[in-house]
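Undergrad: Here you go, one structure.
Number of protein chains: 2
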Amino acid sequence: MSFFMPTKLYSGRDCIKNNASVFSAFGKKALIVTGRTSAKASGALDDIISVLQKDNIAYDIFDKVLNNPTVENCYEGGMLAKKSNVDFIVAIGGGSPLDASKAIAMYATNDIEPLDIFLGEQKNKPLSIIAVPTTAGTGSEVTQYSVLTVDSEETKKSFSTNDTFATVAFLDARYTESLPLGITIDTAVDALSHSLESILNKRTNKFSELYAKEALKLIGKAIPALISGDITFEIREILLLASMYAGVSIAQTGTTVVHSMGYPLTYYKGLTHGNANGLLLSSFLEGCDKANHSLVNELLGYLGLEDLNEFDEVLKKLMPNRNILTNEEAKKFASKTIKAKNVASCIWDITEAEEYSFFAKLTK
Amino acid sequence: MSFFMPTKLYSGRDCIKNNASVFSAFGKKALIVTGRTSAKASGALDDIISVLQKDNIAYDIFDKVLNNPTVENCYEGGMLAKKSNVDFIVAIGGGSPLDASKAIAMYATNDIEPLDIFLGEQKNKPLSIIAVPTTAGTGSEVTQYSVLTVDSEETKKSFSTNDTFATVAFLDARYTESLPLGITIDTAVDALSHSLESILNKRTNKFSELYAKEALKLIGKAIPALISGDITFEIREILLLASMYAGVSIAQTGTTVVHSMGYPLTYYKGLTHGNANGLLLSSFLEGCDKANHSLVNELLGYLGLEDLNEFDEVLKKLMPNRNILTNEEAKKFASKTIKAKNVASCIWDITEAEEYSFFAKLTK
Numbered sequence: 012m013s014f015f016m017p018t019k020l021y022s023g024r025d026c027i028k029n030n031a032s033v034f035s036a037f038g039k040k041a042l043i044v045t046g047r048t049s050a051k052a053s054g055a056l057d058d059i060i061s062v063l064q065k066d067n068i069a070y071d072i073f074d075k076v077l078n079n080p081t082v083e084n085c086y087e088g089g090m091l092a093k094k095s096n097v098d099f100i101v102a103i104g105g106g107s108p109l110d111a112s113k114a115i116a117m118y119a120t121n122d123i124e125p126l127d128i129f130l131g132e133q134k135n136k137p138l139s140i141i142a143v144p145t146t147a148g149t150g151s152e153v154t155q156y157s158v159l160t161v162d163s164e165e166t167k168k169s170f171s172t173n174d175t176f177a178t179v180a181f182l183d184a185r186y187t188e189s190l191p192l193g194i195t196i197d198t199a200v201d202a203l204s205h206s207l208e209s210i211l212n213k214r215t216n217k218f219s220e221l222y223a224k225e226a227l228k229l230i231g232k233a234i235p236a237l238i239s240g241d242i243t244f245e246i247r248e249i250l251l252l253a254s255m256y257a258g259v260s261i262a263q264t265g266t267t268v269v270h271s272m273g274y275p276l277t278y279y280k281g282l283t284h285g286n287a288n289g290l291l292l293s294s295f296l297e298g299c300d301k302a303n304h305s306l307v308n309e310l311l312g313y314l315g316l317e318d319l320n321e322f323d324e325v326l327k328k329l330m331p332n333r334n335i336l337t338n339e340e341a342k343k344f345a346s347k348t349i350k351a352k353n354v355a356s357c358i359w360d361i362t363e364a365e366e367y368s369f370f371a372k373l374t375k
Numbered sequence: 012m013s014f015f016m017p018t019k020l021y022s023g024r025d026c027i028k029n030n031a032s033v034f035s036a037f038g039k040k041a042l043i044v045t046g047r048t049s050a051k052a053s054g055a056l057d058d059i060i061s062v063l064q065k066d067n068i069a070y071d072i073f074d075k076v077l078n079n080p081t082v083e084n085c086y087e088g089g090m091l092a093k094k095s096n097v098d099f100i101v102a103i104g105g106g107s108p109l110d111a112s113k114a115i116a117m118y119a120t121n122d123i124e125p126l127d128i129f130l131g132e133q134k135n136k137p138l139s140i141i142a143v144p145t146t147a148g149t150g151s152e153v154t155q156y157s158v159l160t161v162d163s164e165e166t167k168k169s170f171s172t173n174d175t176f177a178t179v180a181f182l183d184a185r186y187t188e189s190l191p192l193g194i195t196i197d198t199a200v201d202a203l204s205h206s207l208e209s210i211l212n213k214r215t216n217k218f219s220e221l222y223a224k225e226a227l228k229l230i231g232k233a234i235p236a237l238i239s240g241d242i243t244f245e246i247r248e249i250l251l252l253a254s255m256y257a258g259v260s261i262a263q264t265g266t267t268v269v270h271s272m273g274y275p276l277t278y279y280k281g282l283t284h285g286n287a288n289g290l291l292l293s294s295f296l297e298g299c300d301k302a303n304h305s306l307v308n309e310l311l312g313y314l315g316l317e318d319l320n321e322f323d324e325v326l327k328k329l330m331p332n333r334n335i336l337t338n339e340e341a342k343k344f345a346s347k348t349i350k351a352k353n354v355a356s357c358i359w360d361i362t363e364a365e366e367y368s369f370f371a372k373l374t375k
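As you go down the protein sequences, you meet chains A and B in turn. Here the first sequence is numbered in the working numbering, starting from 12 and rising by one per residue. Here the second sequence is numbered in the working numbering, starting from 12 and rising by one per residue.
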């Protein structure tokens, strides 16, 4: 049983401005890693640039991170970090820029081939990362994981090391205020998925559960707002905390089959990561319920939900579009994802036939 | 609002043996820092030596840490670490060796005068520390604090830096099995005090509360066993977890007046640290109750207690010897401790007269 989460957290409105002195300890030049729009739209980029300028820290910007970033995309960022001779990285965005920044930080300090990133530990430690989430779902700001798209294998793969945790994370819910409702829901469901997959997991332990349960309680408070679409600032703060807590929990345990089964829905069907997970969650909980009814019941209680039916109804309200696969796709995805390594964390011995039955619920 | 707890935790029976590979990353030579008896009696010293030998890591032993270690005592350890040219420290014991190891780690890498330790950050980072608690109370394995006795000022003082957290802590309740009941109680009450002082504190935040509340729930489970004296292994595991959680909470907030008022009871009257805190806790909770009744009530609920009377009864059962001060001492201690810096964290504006009234309850 172990626990590790070395990221220093600053949280609350204006936490970057109020902790501006944090940055200068990281060096003289930063690479800001972000996507094309979210960093700007959220206001986080302006806040970061303002603080860097005040501290006389130079910076370059790599704003080309793709949604579901590829290995090549991150390698390009790593080459820029090398060329620019930066001392550290400031990652701003949702899961894509945050995950990409971990690979970029590693490419920046190591001469490796792009796909060697999946070997994990490298000769040199990666650059330090300051993470600024602009969505409330990924939890990447407090995990060691970087999930990258590998086109040659037609899937997503992850790497992690003890040194790919962000050194500092700033959690300011203001940066999530510009998110459209759809992304707010999808990312919240990603956090929900993290919490459930962390507890309903062979690797769960007391430490990860403390965080996962707290995340579930917070998400439970936010469910009515997610359904009604009335997302207040207070709800955004709750969701950002929940996302972080859920991230801490999966940092200890990893995810399980919902995540591995969700990847083809993203890779082949273009669903967002949270949406992909959300379409599989009810089936997963039903499977877990057969293995450990009392635990599933306890977790539903934290969410403020009566039973599996109510859980399924909530997910259907949040994500009504469900008939997206052909039967052939359902078969193909099951045969592919049953080989994923985190299948071993599932609390029952899930079979390919069961995975197929989960996907089959999503057929046209 | 911030959170930082970079220590990697390994927990459970035989966690040192089961994670022996952790040590070699720390270097080729260790200084084992401990007191005269507890490391040996607990079995922790044997386990550590066995793992170091297996990994071909050389070691020296500094087993002269005093109860309530003085600055000079730690300085002596630091000089040994320098002379032995060790790469890291393994600290085994209760709060005294664990706190001493933080000072020793700092003296080992910096040429400073003994009392300069209280300046905090030094030119060089301290040696890395692996911490093995053998009591369940201090939480020092997960805090940045080192509390040292300063004879020239007739009190205890603390120092801390971001680098004085242990890098790794091993929590094996077997090492607490040899503790006599009195120390088990005193240390458990120290953890209780940490939890309460962290929440009933102007610096409390959501992150520290998550841990402090969990600690209170665990201590609540252990109270009947502490009173009856029937301390099973399961209770020892609960207390060790509670102590760690309470430590994480004070690492965020610091302690408040119970700790500063307890120091003279230890310095002048020779009470253990936990006993000193325990004699003041009821008075402290009464004061807090006037400032925030609903919060105190909530916290008593986590402990499984009805009200302040029941809390006071529990403490009187655990620590019956209470008439230990003269009126002159009560006055002197109040006038001294009202100047402590953590008085500012108290949730109400405590006066010297109130502090005197707390001490006066302990007069003969």
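For every residue, glycine included, the Cβ atom is placed at its ideal position computed from N, Cα and C.
1) Below 6 Å CB to CB, which residues in the same chain sit around residue 202 of chain A once its five sequence neighbours on both sides are set aside?
2) Residue 326 of chain A touches chain B at which residues, Cβ-Cβ below 9 Å?
3) Residue 254 of chain B CB to nearest chain A CB: under 8 Å?
4) Based on the DSSP secondary-structure assignment, which residues constitute the bridge partners of residue 157 of chain A?
5) Could you work out which residues of chain B lie near residue 108 of chain A, taking near to mean beta carbons separated by less than 8 Å?
6) Answer with yes or no whether the minimum CB distance from residue 156 of chain A to chain B is below 8 Å.
7) How far does the alpha helix (DSSP H) with residue 278 of chain A in it extend, from its first residue to its last?
8) Would you identify the three-state DSSP class for residue 17 of chain A, choosing helix, strand or coil?
9) For residue 376 of chain A, count neighbouring Cβ atoms within 10 angstroms of its own Cβ and tell me buried if that reaches 16, exposed if not.
10) Exposed or buried, what is residue 144 of chain A when buried is set at 16 or more other beta-carbons lying within 10 Å of its beta-carbon?
11) What is the DSSP secondary structure of residue 264 of chain B, counted as helix, strand or coil?
12) Can a CB atom of chain B be found closer than 8 Å to the CB of residue 213 of chain A?
13) Give me the Cα-Cα distance between residue 247 of chain A and residue 139 of chain B, rounded to the nearest whole angstrom.
14) Can you have a look at residue 309 of chain A and say buried or exposed, based on whether 16 or more other CB atoms are within 10 angstroms of its CB?
15) By how many angstroms is the C-alpha of residue 198 of chain A removed from the C-alpha of residue 284 of chain A?
16) Tell me where the beta strand (DSSP E) around residue 354 of chain A begins and ends.
17) Whole angstroms are fine: how far does the CA of residue 130 of chain A sit from the CA of residue 161 of chain A?
18) Less than 8 Å separating the beta-carbons of residue 36 of chain A and residue 63 of chain A?
19) Could you compute how far the alpha carbon of residue 182 of chain B sits from the alpha carbon of residue 215 of chain B?
20) Residues of chain B with CB closer than 8 Å to the CB of residue 280 of chain A, please, in chain order.
21) Indicate the three-state DSSP secondary structure (helix, strand or coil) for residue 22 of chain B in the structure shown.
22) Does the region 166-180 of chain B come into contact with the region 268-283 of chain B, if we say contact requires no fewer than three beta-carbon pairs (one atom in each stretch) closer than 8 Å?
23) Among the residues of its own chain, which have a CB less than 6 Å from the CB of residue 112 of chain B, if the five just before and after it don't count?
24) Is the region 148-157 of chain A touching the region 173-187 of chain A in the sense that three or more CB pairs, one from each, lie closer than 8 Å?
25) Compute the distance between the beta-carbons of residue 107 of chain A and residue 46 of chain A, then report whether it is under 8 Å.
26) Going by C-alpha distance, which of A:191, A:133, A:14 is nearest residue 53 of chain A?
27) Do we get a CB-CB distance below 8 Å when we pair residue 14 of chain B with the residues of chain A?
28) Can you check which of these residues, A:270, A:279, A:211, A:56, is closest to residue 379 of chain A by C-alpha distance?
29) Between residue 357 of chain B and the ligand PLP, is there a pair consisting of the residue's CB and a ligand heavy atom that are separated by less than 7 Å?
30) Under the rule that 16 or more other beta-carbon atoms within 10 Å means buried, what is residue 58 of chain A, buried or exposed?
31) Tell me the DSSP secondary structure of residue 45 of chain A in three-state form.
32) Whether or not the region 18-30 of chain A and the region 81-90 of chain A are in contact is what I'm after, with contact meaning three or more pairs of Cβ atoms, one per stretch, closer than 8 Å; do they touch?
33) Given a threshold of 16 other Cβ atoms within 10 Å of its Cβ, counted over all protein chains shown, does residue 67 of chain A qualify as buried or as exposed?
34) Roughly how many angstroms lie between the CA atoms of residue 115 of chain A and residue 367 of chain B, to the nearest whole one?
35) Work out the CA separation of residue 184 of chain B and residue 242 of chain B for me, nearest whole Å.
36) Could you check which residue in B:77, B:331, B:32 has the C-alpha nearest to that of residue 290 of chain B?
TA: In brief:
1) Sequence index remark: in the first sequence, residue 202 of chain A carries index 191 (1-based). So the list reads 148, 253, 254, 257, once near-sequence residues are dropped.
2) As a first step, residue 326 of chain A must be located in the first sequence, where it is residue number 315. None at all; the shortest Cβ gap to chain B is about 27 Å.
3) Position 243 of the second sequence, counted from the start, is the residue given in the question as residue 254 of chain B. The Cβ of residue 254 of chain B sits no closer than 8 Å to any Cβ of chain A.
4) Numbered from 1 along the first sequence, position 146 holds the residue referred to as residue 157 of chain A. DSSP lists A:170 as partners of residue 157 of chain A.
5) Here residue 108 of chain A is taken as the residue at index 97 of the first sequence, counted from 1. Chain B residues near residue 108 of chain A: none, gap ~22 Å exceeds 8 Å.
6) Here residue 156 of chain A refers to the residue found at position 145 of the first sequence. At a cut-off of 8 Å, the C-beta of residue 156 of chain A has no neighbouring C-beta in chain B.
7) Your numbering for residue 278 of chain A matches position 267 in the first sequence. Start and end: 268-278.
8) Taking the first residue of the first sequence as position 1, residue 17 of chain A is located at position 6. Coil, per DSSP.
9) Shown here, chain A extends from 12 to 375; a query on residue 376 of chain A therefore has no answer.
10) Taking the first sequence and counting its residues from 1, one reaches residue 144 of chain A at position 133. So residue 144 of chain A counts as buried.
11) What you label residue 264 of chain B is simply residue 253 of the second sequence in a count that begins at 1. Under the three-state reduction of DSSP, residue 264 of chain B is assigned to helix.
12) Translated into positions along the first sequence, residue 213 of chain A becomes position 202. No, its Cβ sits nowhere closer than 8 Å to a Cβ of chain B.
13) Sequence index remark: in the first sequence, residue 247 of chain A carries index 236 (1-based). Sequence index remark: in the second sequence, residue 139 of chain B carries index 128 (1-based). If I take the Cα positions, the gap works out to 39 Å.
14) Locating residue 309 of chain A in the first sequence gives position 298, where the first residue counts as 1. Counting the other Cβ atoms within 10 Å of the Cβ of residue 309 of chain A gives fewer than 16, which makes it exposed.
15) Along the first sequence, one-based indexing puts residue 284 of chain A at 273. Along the first sequence, one-based indexing puts residue 198 of chain A at 187. So the two alpha carbons sit approximately 8 Å from each other.
16) One-based indexing of the first sequence puts residue 354 of chain A at position 343. Bounds of any beta strand (DSSP E) do not take in residue 354 of chain A, whose DSSP letter is neither H nor E.
17) Here residue 161 of chain A refers to the residue found at position 150 when the first sequence is read from its first residue. Here residue 130 of chain A refers to the residue found at position 119 when the first sequence is read from its first residue. Distance between the alpha carbons of residue 161 of chain A and residue 130 of chain A is about 14 Å.
18) Locating residue 36 of chain A in the first sequence gives position 25, counting from the first residue. Locating residue 63 of chain A in the first sequence gives position 52, counting from the first residue. Their beta carbons are not under 8 Å apart, which means residue 36 of chain A does not touch residue 63 of chain A by this criterion.
19) As a working mapping, residue 182 of chain B is identified with position 171 in the second sequence. As a working mapping, residue 215 of chain B is identified with position 204 in the second sequence. Whole-angstrom Cα-Cα distance: 25 Å.
20) Within the first sequence, residue 280 of chain A is the residue found at index 269, counting from 1. The CB of residue 280 of chain A never comes closer than 8 Å to any CB in chain B; the least such distance is about 37 Å.
21) The residue given as residue 22 of chain B occupies position 11 in the second sequence. Residue 22 of chain B: strand per DSSP, three-state reduction.
22) Yes, they touch.
23) Mapped onto the second sequence, residue 112 of chain B falls at position 101. If we look at residue 112 of chain B and ignore the five residues flanking it on each side, its Cβ neighbours are 44, 100, 102, 140.
24) Inter-segment contact for the region 173-187 of chain A and the region 148-157 of chain A is present: three or more beta-carbon pairs are separated by less than 8 Å.
25) The residue you call residue 107 of chain A lines up with position 96 of the first sequence. The residue you call residue 46 of chain A lines up with position 35 of the first sequence. In terms of Cβ geometry, residue 107 of chain A and residue 46 of chain A form a close pair [threshold 8 Å].
26) For this step, residue 53 of chain A is matched to residue 42 along the first sequence. Per the C-alpha coordinates, the member of A:191, A:133, A:14 positioned closest to residue 53 of chain A is A:191.
27) If you number the second sequence from 1, residue 14 of chain B lands on position 3. It does; some Cβ of chain A falls within 8 Å.
28) In the structure as shown, chain A starts at 12 and stops at 375, and residue 379 of chain A therefore has no counterpart that could be examined.
29) The model on display carries no ligand, and the ligand PLP is accordingly not part of it.
30) Position 47 of the first sequence, counted from the start, is the residue given in the question as residue 58 of chain A. Answer is buried; the Cβ neighbour count reaches 16.
31) The residue labelled residue 45 of chain A in the question sits at position 34 within the first sequence. Residue 45 of chain A carries a strand assignment under DSSP once its states are collapsed to helix, strand and coil.
32) Contact between the region 81-90 of chain A and the region 18-30 of chain A is absent: fewer than 3 CB-CB pairs across the two stretches fall below 8 Å.
33) Reading the first sequence from its first residue, position 56 is the one you call residue 67 of chain A. Exposed is the call here.
34) The residue given as residue 115 of chain A occupies position 104 in the first sequence. The residue given as residue 367 of chain B occupies position 356 in the second sequence. Approximately 59 Å, taken between the alpha carbons.
35) Position 231 of the second sequence, counting from 1, holds the residue named residue 242 of chain B. Position 173 of the second sequence, counting from 1, holds the residue named residue 184 of chain B. Going by C-alpha positions, residue 242 of chain B is about 12 Å away from residue 184 of chain B.
36) One-based indexing of the second sequence puts residue 290 of chain B at position 279. Taking residue 290 of chain B as reference, the option from B:77, B:331, B:32 with the minimal CA-CA separation is B:331.
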